[in-house]
Amino acid sequence: MLYLIDTADREKIRHCCEFFPIDGVTTNPTIISKEKTDFGTLIKDIRNIIGADRMLHIQVTSSTAEGMVKEAAALKDFVGGNLYIKVPICAEGLKATREIKKMGLGVTETAIFTQQQALMAAKAGADFVAPYVNRLDNIVSDGVNVVLEIVELLRTQGLDTKVLAASFKTVEQVHKITMAGTQSVTLNPDLFDNLLYHPMSLMAIDAFSADWETVYDDKKIKDLI
């Protein structure tokens with residue numbers, strides 16, 4: 046399982062990388078725009094925070110394959126490291142995917158809502174396909190089941206493309222998606238805290254501390270050995 050952070054907020058990225066087993070960061074034009082800052086500085090800062098080995102997914106903004114490829118080339122030179130170019134699922138995007146792969150870059154096909162979109166992207170060479178779970182639920186479609194069928198479809202077709210599930214609101218959605226066999230998820234930073242939280246865990250931790258202090262007061266192990 047790969048865990049990615051779906052944000053461009055530098056402080057939240059820094060926090061998540063410090064405490065959680067993070068494999069990378071995903072962004073899109075909406076996420077980037079929320080930061081209201083210089084684009085080049087922002088993505089350089091994110092790369093510096095996460096390091097060269099973690100994945101950084103950046104989405105192109107052009108509407109033509111030619112423009113997407115040019116943006117991918119510019120990002121390759123500017124950002125470096127473990128870089129994935131996010132391409133929207135459309136005819137121009139599929140054309141761009143094949144060309145971007147020739148440049149030695151990873152590609153994530155995004156805005157996936159159907160199983161056949163995912164299959165087309167995988168056949169074009171995408172490394173990841175990113176279905177939107179909560180948005181599917183919001184249009185009275187079963188987001189978890191769509192992802193499950195995408196995972197199975199790629200497996201039965203013998204394709205190496207991985208599912209990078211996106212658009213989550215609840216821990217339950219994340220749990221069901223991981224049980225469905227998806228290889229990676231990208232989450233809002235707040236969801237990482239929610240994945241860890243359980244009141245019984247906090248009660249157990251408090252009990253450990255209370256029992257220790259009845260014998261050793263506030264001394265720590267290093268004070269006793």
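FYI, in the working numbering the residues of the sequence shown are 46 to 270. Each residue gets a CB set at the ideal place from its N, CA and C atoms; glycine is no exception. Nothing here was measured: the structure is a model prediction, and the numbers come from that model.
| Item | Value |
| --- | --- |
| Thinking just about the alpha-carbon of each residue, which of M46, F84 and L47 is nearest to the one in D54? | F84 |
| Please identify the residue among I103, I222, R99 and V189 whose C-alpha is closest to the C-alpha of C62. | R99 |
| Among D235, V196 and T215, which has the Cα closest to the Cα of L227? | Note that residue 227 is Thr in the sequence shown, not Leu. Taking only the C-alpha atoms, the option nearest T227 is V196. |
| The beta strand (DSSP E) spanning Q104 covers which residue range? | M100 to Q104 |
| List the endpoints of the continuous beta strand (DSSP E) containing P244. | That residue, P244, is in no beta strand (DSSP E); its alpha helix (DSSP H) goes P244 to Y261. |
| By how many angstroms is the C-alpha of A175 removed from the C-alpha of L49? | 12 Å |
| Let me check one thing: in DSSP terms, what residues is L232 bridge-paired to? | I50 |
| How would you call E111, buried or exposed, if buried means at least 16 neighbouring beta carbons within 10 angstroms? | exposed |
| Going by C-alpha to C-alpha distance, which of I270, R92, L139 and I94 sits closest to A169? | L139 |
| From the DSSP output, in three-state form, read off I94 for me. | helix |
| Please state the DSSP three-state secondary structure of L181. | helix |
| If you run the structure through DSSP and keep just helix, strand and coil, what is L128? | strand |
| Skipping 5 residues on each side, what residues in its chain have a beta carbon closer than 8 Å to that of Y261? | L269 |
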